[in-house]
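Participant: Can you read through this structure? Questions will come right after.
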Amino acid sequence: MNIKRLLPFILFISIIVLFWRGLGLHPNEIPSPLMNETVPQFHLPLLFNPAHSLSNQDFYGHITLLNIWATWCSVCAEEQDFLLQIAKQNDFYLYGLNYKDDPAQAKKWLAHYGNPYRLIGIDETGQVAIDWGVYGTPETFIIDQKGIIRYKHVGALTSNNWETELLPIIKKLQMEAK
Amino acid sequence: MIPQLGNFAIILALCFALIQCIAPLYGYAKQQRLYFQLSRTAAIGQFIFLAFSLVSLILCFLNNDMSVFYVQQHSHRLLPLLYRIGAAWGGHEGSLLLWCVILSGWTFVFILLSSLGNSFSISVLPPTQAIHDKIIIILGLISSGFIIFLFFTSNPFIRIFPLNGIIGEDLTPVLQDPGLIFHPPMLYLGYVGFSIGFAFAVAALWEGKIEKTWAKACKPWIILPWSFLSCGIVLGSWWAYRELGWGGWWFWDPVENASLLPWLAATALLHCLIVGEKRQVFYGWTLLLAIITFALSLIGTFLVRSGVLVSVHAFANDPTRGLFLLLYLAFLIGGALMLYGCRIHRFYQPPHFQLFSRETFLLINSVILLTAVVTILIGTLYPIILDALNLEKISVGEPYFNTVFVPIMLLLLLLMGAAPHVPWRTAHVHIFWNKIRTVFLISLFITFLMPFAYSKLFEFEYHPLAGIGIGISTWIILSTLKYAYQRWHSQSLPFLPASAMIVAHIGIAMTVLGITINQSYAQERQMKMSIGETVSLAGYTFTFMQLSKSSHANFETLLATFAVKKAHHSPTSLIAEQRIYRSHDQRFSKPGILTNGWRDLYLALGTSLPDGAWTVRIYYKPLVRWIWAGGFLLLISGFLSLMNYRHKQNNYHEH
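So the sequence lines, in the order shown, correspond to chains A and B. Mapped onto our numbering, the consecutive letters of the first sequence carry residue numbers 1480 to 1657. Mapped onto our numbering, the consecutive letters of the second sequence carry residue numbers 803 to 1457.
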């Protein structure tokens, strides 16, 4: 039989094998197109002090973790304990971006689950989150001292992915600074 | 009670699907026609029970039966009636049920039209008996697999007790739009409909030979789903434009690509079928395209439902579902391509046309379209490819697609204007050049003139590249109209059969023109506005008049009224909304849009600032409606082409 005639079949099977591999991978780790870009320009009122704002100016001079969360996101509630734990370390600033949420609800929610954040911006419509390329909640960005986005994690932070993925990056950024 | 009935109906439908597929095989062994008749009846029964099951699911939504887990997750007792119907296919399970209903629906219509065809006003040519039998078997096989998938991994009727005052999680606000009612069914009518074309191809390969009438019999079963898919894609794009709030209409999102890929392949296929019908050539290529078209539909389904890709459209991820779909995909399409590899040498036809002829143009057309398919497929799968090879992780976005897709399409569009003027079999370059010379030179002139005129007369920026898009759409429109004119006055050729092509090609040109103008001359402003303030954009002034509140069934809304005024005209009001859905306290910005067909003024509210002002985005979008108008012309062209079928059939019978 002529092998040329089976070319479509062979190509198709290689695509299938690719998908097979793809199923075992974690698509959520595909980084945002903003990777290694400066944080997008934005300006959001603060949750506990609406007269002041969280903006892209607040991302310079220190390592920052920006966590996207919402009260309607059940995974965020599960993640909160761990965020409280890591917030005790003084290696970075932890900011929150309250995504498509009601400020009153958000305050109640934080009173219940605890507030690990230094500053929280309220993004009621989700327009700023679009600029950040947010797919959903929770998501966590690592931003370096120069205000450049260096990593994005989709889904809840756990001690496991913290130790293996995020912490090494933070350590590396600290080394770079020295 | 209703959920149990719905569930039971799925089981019965599965039994019927298995009978549809297996009975004829028994019939071949026993040499009895009776089993083939049984198979057809089973196909009809399958459709009835699946439709019954879908109706049951809709009833569960209408009754707010929160014991059904799927209803609980996608409905809310405050959800308006219309969206409760749409919510039936707003999630993975329900949309898969719709998928199955539509598949069996196409089978039903196929059986109906093929056996009773001539008593209908729109008649189709039935395929030969042998092919017809095999098509039903193949459709039964496809259907059985999907019903098994539906029943065991994605059953929409799974119930959860106790209830404890559950009020439901509600449908995502973005889905609460009339678009939900029409867009998914239209899209599925398209995708799923290609199963018949696939069955035609596999049946021919199985049979090992192809009759002269094969292409003619197959053609309507590609054209009809193709028109629905065109319409579905357009509806989706329009919906995104109205709902997502940043004025975009195409995002090169993996799921959008998943609908575009089968459309491109089907476009190539239907042009090949035209050649097959008229000239009985390219059968090998046509059969391959028929398989590829359906394969791409299935790959789209897989990508959306397995969680392999990240997308705004993706359904909840579940690895078992992905695995099942993948295995089934491998079995169906792998099997078909294997059969293709083994049998295709029997279909070889010596080409009896010259290099410069309509046949060559249509062949090049399908090659270009397939190239476009491959480039989009690579762009969509590239992240998985790199990831699977343990290389870096990336996401491929708009820049890649625009750089690669646009030049390929420009080449195709250039040919599209020329092809109708090239006769079948053999053509002469100088006769062809005499025909198109004037039109070609006018278009070339416009290519350079328009960007210049636009910047001088309307004070827009100077975009010389926009001229290419404008020139090429002018070229298609003028050359198609010239062809229409000649055909209308032709003594030997009737006009009607050409009408579908004329409408479709002009539709594509309109879409291209809309895209070009919109990409080059759209304007936007983003700023802070308080009540009473006025800003101007593209010659219009926008004054923030007032804010008012209004209450609806399941949301509260804040209405921001703007007065829009063009110099020396009376003002019109434009209302943008900020909705708060009660079920989740989710906020959702619904843009206000003013249109007159030539341009859209689009205004979206952003966030409210502490001093009472709002961030506002305003867009001026020229000719954006033409993008979708062109798409609707494709739908019309599909129906025209069927009418034309009827015309030909009648002639055939009268002779």
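Note that CB positions come from ideal geometry on N, CA and C, so glycine has one too.
Taking 7 Å as the limit between beta carbons, can you name the residues of its chain near B/Leu943, skipping five residues before and five after?
Facilitator: In the second sequence, the residue the question calls residue 943 of chain B occupies position 141. So the qualifying residues of the chain are Cys823.
Participant: For B/Val1467, name the three-state secondary structure that DSSP assigns.
Facilitator: Past the edges of chain B, shown from 803 to 1457, lies residue 1467 of chain B, and the structure says nothing about it.
Participant: Taking 8 Å as the threshold (beta carbon to beta carbon), is B/Arg1107 in contact with chain A?
Facilitator: Here residue 1107 of chain B refers to the residue found at position 305 of the second sequence. Not an interface residue.
Participant: Just to confirm before moving on: does the CB-CB distance between B/Ala1268 and B/Pro1424 stay below 8 Å?
Facilitator: Position 466 of the second sequence holds residue 1268 of chain B. Position 622 of the second sequence holds residue 1424 of chain B. For B/Ala1268 and B/Pro1424, no; Cβs fall outside 8 Å.
Participant: Does any residue of chain B have a CB that is nearer than 8 Å to the CB of A/Phe1561?
Facilitator: If you number the first sequence from 1, residue 1561 of chain A lands on position 82. No, A/Phe1561 lies away from the interface with chain B (no Cβ there is under 8 Å from its Cβ).
Participant: Here's the rule: buried if 16 or more other CB atoms are within 10 angstroms of the residue's CB, otherwise exposed. What is A/Pro1506?
Facilitator: Counting from 1 along the first sequence, the entry for residue 1506 of chain A is found at position 27. Low local confidence applies: a pLDDT of 49 at A/Pro1506 is under 50, so the model's placement there is unreliable, with the coordinate-based value given in what follows. Per the 10 Å Cβ criterion, buried.
Participant: Under 8 Å between beta-carbons, which chain B residues line up against A/Glu1618? List them in chain order, please.
Facilitator: In the first sequence, counting from the first residue as 1, residue 1618 of chain A sits at position 139. Near A/Glu1618 there are no residues of chain B at all, since even the closest Cβ is about 11 Å away, more than 8 Å.
Participant: Check each candidate in B/Met1218, B/His1154, B/Pro1253 and name the one with the smallest Cα separation from B/Ser1322.
Facilitator: Translated into positions along the second sequence, residue 1322 of chain B becomes position 520. For the residues B/Met1218, B/His1154, B/Pro1253, the minimum Cα distance to B/Ser1322 belongs to B/Pro1253.
Participant: With a threshold of 6 Å on Cβ separation, who are the neighbours of A/Val1613 within its own chain once the five nearest residues in sequence on each side are excluded?
Facilitator: Numbered from 1 along the first sequence, position 134 holds the residue referred to as residue 1613 of chain A. Cβ within range, chain order: Ile1547.
Participant: Based on DSSP bridge pairs, tell me the residues matched to B/Phe1364.
Facilitator: To locate residue 1364 of chain B, count along the second sequence from 1; it is residue 562. DSSP lists B/Phe1346, B/Leu1376 as partners of B/Phe1364.
Participant: Taking the C-alpha atoms as reference points, what is the distance between B/Lys1368 and B/Phe1247?
Facilitator: Within the second sequence, numbered from 1, the residue matching residue 1368 of chain B stands at position 566. Within the second sequence, numbered from 1, the residue matching residue 1247 of chain B stands at position 445. B/Lys1368 and B/Phe1247: Cα-Cα distance of roughly 32 Å.
Participant: Going by beta carbon distance, what residues of the same chain come within less than 7 Å of B/Phe1357, once the five residues before and after it are set aside?
Facilitator: Locating residue 1357 of chain B in the second sequence gives position 555, where the first residue counts as 1. Answer for B/Phe1357: Arg1381, Ile1382, Tyr1383, Arg1384, listed in chain order.
Participant: By Cβ distance, which residues of its chain are closer than 6 Å to B/Leu898, with the 5 residues on each side in sequence left out?
Facilitator: For this step, residue 898 of chain B is matched to residue 96 along the second sequence. The residues are Leu952, Ser956.
Participant: Work out the CA separation of A/Ile1649 and B/Ser1410 for me, nearest whole Å.
Facilitator: Within the second sequence, numbered from 1, the residue matching residue 1410 of chain B stands at position 608. Within the first sequence, numbered from 1, the residue matching residue 1649 of chain A stands at position 170. Near 34 Å, if we compare the C-alpha coordinates of A/Ile1649 and B/Ser1410.
Participant: Kindly indicate which three-state DSSP category B/Ala1406 falls into: helix, strand or coil?
Facilitator: Residue mapping note: residue 1406 of chain B aligns to position 604 of the second sequence, counting from 1. Note: B/Ala1406 maps to strand in three-state DSSP.
Participant: Residues of chain B with CB under 7 Å from A/Gln1606, in chain order?
Facilitator: On the first sequence, residue 1606 of chain A is found 127 positions in, with the first residue counted as 1. Those are Gly1408, Thr1409, listed as they occur along chain B.
Participant: By the DSSP assignment, the beta strand (DSSP E) with A/Ile1628 in it spans what residues?
Facilitator: Residue mapping note: residue 1628 of chain A aligns to position 149 of the first sequence, counting from 1. Looking at the DSSP string, the run of the beta strand (DSSP E) that includes A/Ile1628 is 1628-1633.
Participant: Apart from the five residues just before and just after B/Lys1014, which ones in its own chain have a Cβ nearer than 8 Å to its Cβ?
Facilitator: By 1-based counting over the second sequence, the position of residue 1014 of chain B is 212. Gln1082.
Participant: Name, in chain order, the residues that DSSP records as bridge partners for B/Lys1330.
Facilitator: Position 528 of the second sequence, counting from 1, holds the residue named residue 1330 of chain B. Note: B/Lys1330 sits in a beta bridge opposite B/Thr1417.
Participant: So which of B/Ser1332, B/Gly1433, B/Thr1417 has the shortest CA-CA distance to B/Leu1315?
Facilitator: For the purposes of this step, residue 1315 of chain B is identified with residue 513 of the second sequence, where counting begins at 1. Checking every option, the nearest Cα to that of B/Leu1315 belongs to B/Gly1433.
Participant: Quick check: the Cα distance between A/Thr1550 and A/Leu1576, rounded to an integer number of angstroms?
Facilitator: Your numbering for residue 1550 of chain A matches position 71 in the first sequence. Your numbering for residue 1576 of chain A matches position 97 in the first sequence. When rounded, the distance between both Cα atoms is 11 Å.
Participant: Are the segment 1212-1231 of chain B and the segment 1155-1164 of chain B touching by the rule of at least three beta carbon pairs closer than 8 Å?
Facilitator: Contact holds: three or more Cβ-Cβ distances are below 8 Å.
Participant: Check the Cβ of B/His1147 against every Cβ in chain A and list those closer than 8 Å, keeping chain order.
Facilitator: Numbered from 1 along the second sequence, position 345 holds the residue referred to as residue 1147 of chain B. Here the neighbours are Asn1481, Arg1484.
Participant: Return the chain-ordered ranges of every alpha helix (DSSP H) run that is complete within the segment 1485-1549 of chain A and spans a minimum of 4 residues.
Facilitator: Here the runs fully enclosed are 1486-1502.
Participant: Any beta-carbon of chain B closer than 8 Å to the one on A/Gly1501?
Facilitator: Along the first sequence, one-based indexing puts residue 1501 of chain A at 22. So yes, A/Gly1501 belongs to the interface.
Participant: Chain A partners of B/Pro1412, CB-CB under 8 Å?
Facilitator: Against the second sequence, residue 1412 of chain B aligns to sequence position 610. The answer, in chain order, is Pro1524, Pro1529, Ala1530.
Participant: So which residues of chain B does A/Asp1602 contact, with C-beta pairs closer than 9 Å?
Facilitator: Mapped onto the first sequence, residue 1602 of chain A falls at position 123. Per Cβ cutoff of 9 Å: Thr1409.
Participant: If the criterion is Cβ atoms closer than 8 Å, does the pair B/Ser1032 and B/Trp1054 meet it?
Facilitator: Taking the second sequence and counting its residues from 1, one reaches residue 1032 of chain B at position 230. Taking the second sequence and counting its residues from 1, one reaches residue 1054 of chain B at position 252. Not a contact, by the Cβ cut-off of 8 Å.
Participant: For A/Asn1640 and A/Phe1498, I'd like the C-alpha separation in whole angstroms.
Facilitator: As a working note, residue 1640 of chain A is residue 161 in the first sequence. As a working note, residue 1498 of chain A is residue 19 in the first sequence. So the two alpha carbons sit approximately 25 Å from each other.
Participant: Any idea what DSSP makes of B/Phe1390, helix, strand or coil?
Facilitator: Working through the second sequence from its first residue, we reach residue 1390 of chain B at position 588. Strand at B/Phe1390.
Participant: Write down every uninterrupted run of the alpha helix (DSSP H) in the segment 1055-1138 of chain B whose length is 4 residues or greater and which is fully enclosed by it, in chain order.
Facilitator: Counting only runs of 4 or more, we get 1056-1081, 1085-1108.
Participant: Going by beta-carbon coordinates alone, are B/Tyr1043 and B/Gly1050 separated by less than 8 Å?
Facilitator: Taking the second sequence and counting its residues from 1, the one referred to as residue 1043 of chain B is at position 241. Taking the second sequence and counting its residues from 1, the one referred to as residue 1050 of chain B is at position 248. Yes.
Participant: Would A/Ile1621 and A/Leu1636 qualify as a contact pair, given that the criterion is a beta-carbon distance under 8 Å?
Facilitator: For this step, residue 1621 of chain A is matched to residue 142 along the first sequence. For this step, residue 1636 of chain A is matched to residue 157 along the first sequence. Against a cut-off of 8 Å, the Cβ pair of A/Leu1636 and A/Ile1621 comes out as no contact.
Participant: Assign A/Met1654 to one of two classes, buried (16 or more other C-beta atoms within 10 Å of its C-beta) or exposed (fewer than that).
Facilitator: Here the question's residue 1654 of chain A lines up with position 175 in the first sequence. It is exposed - the Cβ of A/Met1654 has fewer than 16 other Cβ atoms within 10 Å.
Participant: Judging by CA-CA distance, which residue of B/Val1206, B/Leu1213, B/Trp1290, B/Gln1156 is the nearest neighbour of B/Arg1227?
Facilitator: Residue 1227 of chain B sits at position 425 when you count from the first residue of the second sequence. The option with the nearest alpha carbon to B/Arg1227 is B/Gln1156.
Participant: Out of B/Ala1097, B/Ile1278, B/Val1418, point me to the one whose CA is closest to B/Ile1333's CA.
Facilitator: For the purposes of this step, residue 1333 of chain B is taken as residue 531 along the second sequence, with counting starting at 1. When each option's Cα is compared against that of B/Ile1333, the closest is B/Val1418.
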